[in-house]
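Quick note on numbering: the sequence shown equals residues 30 to 105 in the working numbering. All C-beta atoms in this analysis are idealised placements derived from N, C-alpha and C, irrespective of residue type, glycine included. Computed from a predicted structure; not experimentally measured. Note sheet for the following structure.
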Amino acid sequence: MYGFTNLPRRKANAKRLLELNQKHWFIENRLHYRRDVTLGEDACQVRVNGAPQVLAALNGEILALMDYLGVSNVAS
């Protein structure tokens, strides 16, 4: 695996870099899974003007509200 970091050498040991990488992908996978699979964001065919950005913002707000309300199963 290759990557870049701005961590100082004393803090950038292999264990720490692996931990940071895994945390990054955990967050990425959690967010994108919810947006793509549950809300169908990737399959969306809306391509008019700024509509895709508006829909993405609304999806983000919906997910944030569901997190705030403690909804664990977005699909339901």
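Sub-9 Å separation of residue i and residue j beta-carbons
i	j	result
VAL103	LEU60	no
GLY99	ARG64	no
GLY32	ASN50	yes
VAL36	LEU47	Rather than Val, the amino acid found at residue 36 in this sequence is Leu. No; because the gap between Cβ atoms is not below 9 Å, this pair is not in contact.
Inter-residue CB distance, residue i and residue j (contact presumed, cutoff 8 Å)
i	j	result
ALA41	THR34	6 Å
LEU84	VAL75	6 Å
Proximal residues to residue i (C-beta, below 6 Å), its chain only, five neighbours per side dropped
i	result
ASP71	ASP65
Distance between residue j and residue i (C-alpha atoms, nearest Å)
i	j	result
ALA93	HIS53	19 Å
Cβ shell of residue i (< 8 Å), same chain only, five flanking positions each side left out
i	result
ASN95	The identity of residue 95 in the sequence shown is Met, whereas the question assumes Asn. Contacts found: VAL103.
PRO81	CYS73, VAL75
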